[in-house]
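**Student:**
There are 2 protein chains.
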Amino acid sequence: MSNDLCEILRAFLERVWNEGDIDAADNYIARSYTIHHDPGDPWDGQTLDIKAFKARVATSRAPFPDQRFDIVDMISGEGRIAVSWRWLGTHAGDMPAFPASRKKIAMSGLTIYSFDGARISGHWQVADRLAVFQQLTG
Amino acid sequence: MSNDLCEILRAFLERVWNEGDIDAADNYIARSYTIHHDPGDPWDGQTLDIKAFKARVATSRAPFPDQRFDIVDMISGEGRIAVSWRWLGTHAGDMPAFPASRKKIAMSGLTIYSFDGARISGHWQVADRLAVFQQLTG
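In order, the protein sequence lines correspond to chains A and B. For reference, each letter of the first sequence is one residue, going 1 to 138 in the working numbering. For reference, each letter of the second sequence is one residue, going 139 to 276 in the working numbering.
#1: With a threshold of 8 Å between beta-carbons, can D41 (chain A) be considered close to chain B, or not?
#2: Let's test the definition: count the other Cβ atoms within 10 Å of the Cβ of T111 (chain A) and tell me whether it reaches 16, buried, or not, exposed.
#3: Can you list, in chain order, the stretches of the beta strand (DSSP E) that have 3 or more residues and sit fully within the stretch 107 to 134 of chain A?
#4: Count the other C-beta atoms from every protein chain shown that fall within 10 angstroms of the C-beta of D266 (chain B), then say buried if there are 16 or more, exposed otherwise.
#5: Excluding five sequence neighbours on each side, which residues of the same chain lie with their C-beta closer than 6 Å to the C-beta of A220 (chain B)?
#6: How many Å lie between D116 (chain A) and K189 (chain B) at the Cα?
#7: Are any of the Cβ atoms in chain A nearer than 8 Å to that of F236 (chain B)?
#8: Given a cut-off of 8 Å on the beta-carbon distance, is the pair A131 (chain A) and P180 (chain B) in contact?
#9: So for K192 (chain B), helix, strand or coil by DSSP?
#10: Could you work out which residue in A:E78, A:S84, A:F133 and A:P99 is closest to Q263 (chain B) when comparing CA atoms only?
#11: Where does P96 (chain A) land, buried or exposed, given buried means 16+ other C-beta within 10 angstroms?
#12: Tell me which residues of the stretch 237 to 255 of chain B have at least one Cβ-Cβ distance to chain A shorter than 7 Å, keeping chain order.
#13: Between A:R102, A:K54 and A:D44, which has its C-alpha nearest A25 (chain A)'s C-alpha?
#14: Return yes when the Cβ of S108 (chain A) is within less than 8 Å of the Cβ of H174 (chain B), no when it is not.
#15: Can you confirm whether L226 (chain B), when its beta carbon is compared against all beta carbons of chain A, has any partner nearer than 8 Å?
#16: Determine, for L136 (chain A), whether the minimum Cβ-Cβ distance to residues of chain B falls below 8 Å.
#17: Whole angstroms are fine: how far does the CA of S114 (chain A) sit from the CA of D44 (chain A)?
#18: For a test of the three-state rule: what should DSSP assign to W225 (chain B), helix, strand or coil?
#19: Among the residues of its own chain, which have a CB less than 6 Å from the CB of T172 (chain B), if the five just before and after it don't count?
Following this line, the structure appears as C-alpha cells:
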C-alpha cells in the first residue's frame, strides 16, 4: 500500500503541479484538503474543497508557468509520506510587489503529505522562502 | 529497528541540541556526518568528523542558548527518518550583522536524517529562514 501511495503522490506532483493539468486533481485529492502548515502560502491553515484546491494550484502556478518539482527522496509512513524536493521556475507572471522578471528561480523544501485512503488530504510543508526572496530582489 | 532509531534521534535532539550537552554527541553521531543540503547553514555541503560536528553545534547554539526543537511528526524509512519540527530561541548572543536583540524567535522546518547503523550520519534539511529574517529585522 505504501508503495502505491508513493506512486499516487508522484503522479499527482507530475500531472497537477508540473504539467499544470489542474483538473487531474480530481483523481488524487480527497473531499477536503487541509494545509496544516505552509508558511508564506496564502492558504496556510485552511481546509479546501476540490474547487478551492484547484483555484490554489492555478493561482500558485500563474507566476511560474514552467515550474517543476523534482523529488529528491520519499519516505512513507502510516497514512503519510515525507518528500524532499527541489523546484525550478521562470518568473514569467506578476506577483504582489514582484512584477514578472523572467528570472529563473530555484527553491528547495520538504513536505509531509497526509492521505485519506488512497487520496491526498493535506500537507505540512516548509520551503526555503528566503532563497526565493533573495533571488527576486537580488 | 526503526522505532529504536526514532528513540535515538529523539534523545539526540533533546540532549545535544536542546540541552546543549554537546559531548553527548559522542553517543549518537557516526564517524563522519554529511550535511547534504541545508541552505543557510555555514557547513552546508560539508562532511564533518565528530570534533567538527561538536564545533558546529556550539557555534550554532551560541546566539540562542535557550533554543529548543519540538518534534511535530516523525516518519521512519530504510536507514533514514523524516522529522517535522518547530523551533524557539531567544536571540541572546551576537550573529554576523545581527547583534543580540533578546527577541524571541520562532522557526519551523523539516529534516531527513540518515543513519549508519544506529548512528546518525547526516541530514537534508530546509528551515523557514525567511521567518527568522523577518523577525530579526522587523
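For each residue, glycine too, the CB sits at the ideal point set by N, CA and C.
**Tutor:** A quick look at the data gives this:
#1: No, because no Cβ of chain B sits closer than 8 Å to the Cβ of D41 (chain A).
#2: By the 10 Å Cβ count, T111 (chain A) comes out buried.
#3: Runs found: 119 to 127.
#4: The residue in question, D266 (chain B), is buried, as its Cβ has 16 or more Cβ neighbours within 10 Å.
#5: Non-local beta-carbon contacts of A220 (chain B) in its own chain, meaning distances under 6 Å to residues more than five positions away in sequence, involve I213 and I250 in chain order.
#6: Distance between the alpha carbons of D116 (chain A) and K189 (chain B): 45 Å.
#7: The C-beta of F236 (chain B) comes no closer than 8 Å to any C-beta of chain A.
#8: Judged by beta-carbon spacing, P180 (chain B) lies beyond the 8 Å limit of A131 (chain A), meaning their Cβ atoms are not closer than that value.
#9: It is helical.
#10: Measuring C-alpha to C-alpha distances from Q263 (chain B) to each of A:E78, A:S84, A:F133 and A:P99 identifies A:S84 as the nearest.
#11: P96 (chain A) counts as exposed, since fewer than 16 other beta carbons sit within 10 angstroms of its beta carbon.
#12: Going along the stretch 237 to 255 of chain B in chain order, one finds S246, G247, L248 and I250 with a Cβ nearer than 7 Å to chain A.
#13: Among A:R102, A:K54 and A:D44, the Cα nearest to that of A25 (chain A) is on A:K54.
#14: No, the pair does not count as a contact, with Cβ atoms beyond the cut-off.
#15: Under the Cβ criterion of 8 Å, L226 (chain B) is not counted among the residues facing chain A.
#16: By this cut-off, L136 (chain A) is not an interface position.
#17: Their backbone Cα atoms lie some 15 Å apart in a straight line.
#18: Looking at W225 (chain B) - three-state DSSP - the assignment turns out to be strand.
#19: Excluding residues up to 5 positions away in sequence, T185 and G260 lie with their Cβ nearer than 6 Å to the Cβ of T172 (chain B) in the same chain.
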